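>
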Amino acid sequence: CQTPDLAAAVVFYGGRLIYGEITENKPASPVDLVGHIRCPILCLYGGADASIPLPDIERLRDTLEKHRKRFEFKIYPGAPHAFFNETREFYRPAESADAWQRTLRFLENHLRR
117 CQTPDLAAAV VFYGGRLIYG EITENKPASP VDLVGHIRCP ILCLYGGADA
167 SIPLPDIERL RDTLEKHRKR FEFKIYPGAP HAFFNETREF YRPAESADAW
217 QRTLRFLENH LRR
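In terms of my numbering, the sequence shown has 142 at position 26, counting the first letter as 1, and numbering is strictly consecutive.
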């Protein structure tokens with residue numbers, strides 16, 4: 117989302133938002149780089165995602181808001197990681213259908229034709 121050519125971005129349960137340790141190879145956590153985002157972003161997360169702690173997800177949302185970024189954010193209560201993947205046991209049809217419709221609307225609103 118830092119490239120000027122990118123018109124919009126959609127994130128389905130993107131993890132590793134906060135690094136446990138800052139190193140030379142990882143000088144900042146992704147959540148701390150939100151200020152550099154240039155394009156609108158849609159973030160879709162499961163509220164019961166065991167691999168992405170809810171406080172990290174909420175921190176991302178709060179940081180996007182703090183930096184006044186153009187974003188939409190949806191946390192699906194009770195939905196696990198990979199809720200959109202119909203080949204996995206974690207698939208959630210209702211949440212997936214809603215996420216897909218949100219994605220289509222978001223991209224339609226932000227992509228130039």
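Just so it is clear, CB atoms sit at the ideal spot from N, CA and C, and this is done for glycine as well.
Just so it is clear, the structure is predicted and the values come from calculations on it, not from any experiment.
Compute the Euclidean distance between the alpha carbons of C155 and D165, then round it to the nearest angstrom.
Rounded to the nearest whole angstrom, the C-alpha separation of C155 and D165 is 26 Å.
> CA-CA distance, N225 and A124?
9 Å
> Rounded to the nearest angstrom, what separates L133 and L170 at their Cα positions?
11 Å
> Could you tell me the boundaries of the beta strand (DSSP E) in which K190 lies?
Looking at the DSSP string, the run of the beta strand (DSSP E) that includes K190 is 187 to 192.
> Rounded to a whole number of angstroms, what is the C-alpha to C-alpha distance between T139 and S145?
10 Å
> According to the Cβ coordinates, are F187 and I157 closer than 7 Å?
Yes; because the gap between Cβ atoms is below 7 Å, this pair is in contact.
> Closer than 6 Å by C-beta to K190: which residues in its own chain qualify, once you throw out the five before and the five after it? Chain order, please.
L160
> Roughly how many angstroms separate the alpha carbons of D121 and L223, rounded to a whole number?
15 Å
> Output the distance between the C-alpha atoms of R175 and A198, rounded to the nearest integer angstrom.
C-alpha separation (whole angstroms): 20 Å.
> Between the Cα of G163 and the Cα atoms of Y192, T203, P209, which residue gives the shortest distance?
Y192
> For G194, collect the residues of the same chain with a Cβ closer than 7 Å to its Cβ; drop the 5 residues on either side in sequence, then sort them by chain order.
Within the same chain, G194 has close Cβ partners G163, A164.
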